[in-house]
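One structure is given below, encoded as structure tokens.
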Amino acid sequence: MTAAIVWFRRDLRLADNPALQAACAGNRPIVPVYVHAPEELGAWAPGAASDWWLHQSLAALAGELRELGLDLVLRRGPSLQALTRLIRETGADAVHWNRLYEPAIIARDREIKAELRRAGLEVHSHNAALLHEPWTVQTGTGGDYRAFTPFWKACRRREEPPAPAPAPTQLAAPAGGLPEGEPLDAMGLLPAIRWDRKLEGHWQPGSAGAEARLAAFLDDGLASYDEGRDLPAQPATSRLSPHLHFGEIGPRQVWHAVQRRLARDGAGSLTAGAEAFLAEVGWREFAYHVLFHHPGFPDEPLNPRFSRFPWREDDGRLRHAWERGETGLPMVDAGMRELWATGWMHNRVRMVTGSLLVKNLRLPWQQGERWFWDTLVDADLASNSLGWQWVAGSGADAAPYFRVFNPVRQGERFDPDGEYVARWIPELAGLPAQHRHAPWQAPASALRAAGLRLDEHYPRPVVDLKRSREEALEAFQLIKQASA
Numbered sequence: 001m002t003a004a005i006v007w008f009r010r011d012l013r014l015a016d017n018p019a020l021q022a023a024c025a026g027n028r029p030i031v032p033v034y035v036h037a038p039e040e041l042g043a044w045a046p047g048a049a050s051d052w053w054l055h056q057s058l059a060a061l062a063g064e065l066r067e068l069g070l071d072l073v074l075r076r077g078p079s080l081q082a083l084t085r086l087i088r089e090t091g092a093d094a095v096h097w098n099r100l101y102e103p104a105i106i107a108r109d110r111e112i113k114a115e116l117r118r119a120g121l122e123v124h125s126h127n128a129a130l131l132h133e134p135w136t137v138q139t140g141t142g143g144d145y146r147a148f149t150p151f152w153k154a155c156r157r158r159e160e161p162p163a164p165a166p167a168p169t170q171l172a173a174p175a176g177g178l179p180e181g182e183p184l185d186a187m188g189l190l191p192a193i194r195w196d197r198k199l200e201g202h203w204q205p206g207s208a209g210a211e212a213r214l215a216a217f218l219d220d221g222l223a224s225y226d227e228g229r230d231l232p233a234q235p236a237t238s239r240l241s242p243h244l245h246f247g248e249i250g251p252r253q254v255w256h257a258v259q260r261r262l263a264r265d266g267a268g269s270l271t272a273g274a275e276a277f278l279a280e281v282g283w284r285e286f287a288y289h290v291l292f293h294h295p296g297f298p299d300e301p302l303n304p305r306f307s308r309f310p311w312r313e314d315d316g317r318l319r320h321a322w323e324r325g326e327t328g329l330p331m332v333d334a335g336m337r338e339l340w341a342t343g344w345m346h347n348r349v350r351m352v353t354g355s356l357l358v359k360n361l362r363l364p365w366q367q368g369e370r371w372f373w374d375t376l377v378d379a380d381l382a383s384n385s386l387g388w389q390w391v392a393g394s395g396a397d398a399a400p401y402f403r404v405f406n407p408v409r410q411g412e413r414f415d416p417d418g419e420y421v422a423r424w425i426p427e428l429a430g431l432p433a434q435h436r437h438a439p440w441q442a443p444a445s446a447l448r449a450a451g452l453r454l455d456e457h458y459p460r461p462v463v464d465l466k467r468s469r470e471e472a473l474e475a476f477q478l479i480k481q482a483s484a
């Protein structure tokens, strides 16, 4: 029996993997391969934090395959050349992969599929990353959705996603064995200066880590998710986003795990916590829906009038202060320092930090998008673009232009004890909780008691929140009038 190649990409798991399941049907021998070709992603090649996660995840996948008697073959791109060479080496007559939806990848995969089929191979792509393919969810007139709520209602009216297939218990290797690949360390995914070691205590990349995190969330977070998800000091969110991005767990697995938990607990319908959590899975689906239908979305505003927005001239100091967590606004700085230390940021704080950059500092949302792309372990082109255009007011289902998050008010509301701020900005931990979100307003006695000297230990705000909000609203009003 001839072998089939399984081309792993961002589907780094054995369970609920349609490409793997189809390739090894009937105990057919398989050749598992990962091709490293970041240059094929163009301007959106993965950032440094993503590369670290990918290294760990590939190591985990290789270990799981090894337990079933197979090695993961690692090759360098170009992808078509790597696959063609592997076909010659193994005599494989079929190639299976799971689809990705970034514009550059769609174009590449279409070309590869056509070339391999012209060469006489059987080639199949499958859906492992989404509950619903982006082109299958349509408005009543056959178009795409620009707002989340009607999109998610349309998704919920569809059939339940199929139950995920279990991981295979055995896999067959080709009769002649597998060809050699390159060692993982040769892929160059880890930085020369090992700053990445700070991430190791926060994450367990790989499908085992993903399943453990999901199980912990179902035990401790799901029931109160609708209320707890907005509190950054609390471990109330699932933190599944990097695992979903790299395909260490799939949305079908998440969906059905929630349903099983509700059934076990005797819930006759979705609880408020489960409804809110599954809606977040829906936002991920929506992000891919928008990206598929609007491939320029990561670079250009979906609403074209925002291309005329008068951004502030900056010599780099404001952006640098924002990136370093030195804006003097504690809720923002805590978030940016959490990002730098862990490769992740709480979603509520992402909105607050993004709003400050775009609306108070009036710096282009693309600058924030790029910083997140390089520093987030869950950097995902669809979700990152959707989030930044939401904050900027220029995207699908975007926040209205007049919504400007006040980081002080957001901190007082969602971090009332200042616990989150104290965790990530220890120089403010000595202040009483009521002063941690606006230390420049604290009385001198409180500053002295905390041993805190503003501008020496912690900066004053780089921008006046009230005046900068007014300036932003004036700028938004100008582009609104210009397009009327």
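Numbering (full-length UniProt numbering), first residue to last: 1 to 484.
Glycine residues also receive a C-beta, built at the ideal position from the N, C-alpha and C atoms.
Predicted, not measured: the structure shown is a model, and the values here were computed from it.
Using DSSP with H/G/I as helix, E/B as strand and the rest coil, what is residue i?
i: R75; result: strand
i: E64; result: helix
i: L478; result: helix
i: P416; result: coil
i: G142; result: coil
i: I106; result: helix
i: I87; result: helix
i: E159; result: coil
i: P174; result: coil
i: G316; result: coil
i: R362; result: coil
i: Q101; result: This sequence places Tyr at residue 101; Gln is not what is there. Y101: coil per DSSP, three-state reduction.
i: S269; result: coil
i: A216; result: helix
i: L431; result: coil
Given a cut-off of 9 Å on the beta-carbon distance, is the pair residue i and residue j in contact?
i: P164; j: R252; result: yes
i: A382; j: V290; result: yes
i: E313; j: W371; result: no
i: K480; j: R260; result: no
i: W365; j: W203; result: no
i: F476; j: G393; result: yes
i: S79; j: E133; result: no
Provide the residue(s) that pair with residue i in DSSP beta bridges, ordered along the chain.
i: E122; result: A94
i: P454; result: Checking the displayed sequence, the identity of residue 454 turns out to be Leu instead of Pro. Paired residues: Y458.
i: F8; result: Y34
Under 6 Å Cβ to Cβ from residue i, same chain only, skipping five residues before and after it: list those, please.
i: V349; result: P232 and G335
i: S468; result: N360
i: A62; result: L72
i: V123; result: V95, K113, L116 and R117
i: H435; result: A442 and A446
i: D144; result: H293
Name the residue from the options whose alpha carbon lies nearest to the alpha carbon of residue i.
i: P330; options: L20, A438 and P443; result: A438
i: S125; options: R9, G411 and R317; result: R9
i: S269; options: A450, A223, G387 and P38; result: A223
i: D374; options: I30, V254, D315 and A43; result: A43
i: residue 488; options: Y401, W424, Q481 and S50; result: Nothing in the structure corresponds to residue 488, since the chain is present only between 1 and 484.
i: L130; options: P205, A175, G77 and G247; result: G247
i: G120; options: G296, R88 and L431; result: R88
i: P162; options: T353, W255 and K466; result: W255
i: L452; options: K466, L431 and L54; result: L431
i: G328; options: R108, A173 and E427; result: E427
i: L318; options: P242, F277, D333 and A154; result: D333
i: N127; options: D11, E300, S241 and F151; result: D11
i: L339; options: W424, R75 and V258; result: W424
i: A59; options: P295, G201, L74 and G47; result: L74
Looking only at its own chain, which residues have a Cβ that is under 8 Å from the Cβ of residue i, when we skip the five neighbours before and after it?
i: L83; result: I5, W7, V33, V35, V95, I112 and L116
i: P168; result: L14, L20, Q21, C24 and L68
i: N384; result: P298, E369, F372, W373 and L376
i: F148; result: G282, W283, F286, A396 and D397
Can you find the residues in the same chain that come closer than 7 Å, C-beta to C-beta, to residue i, ignoring five residues on each side of it along the sequence?
i: V463; result: N360 and L361
i: P400; result: G393
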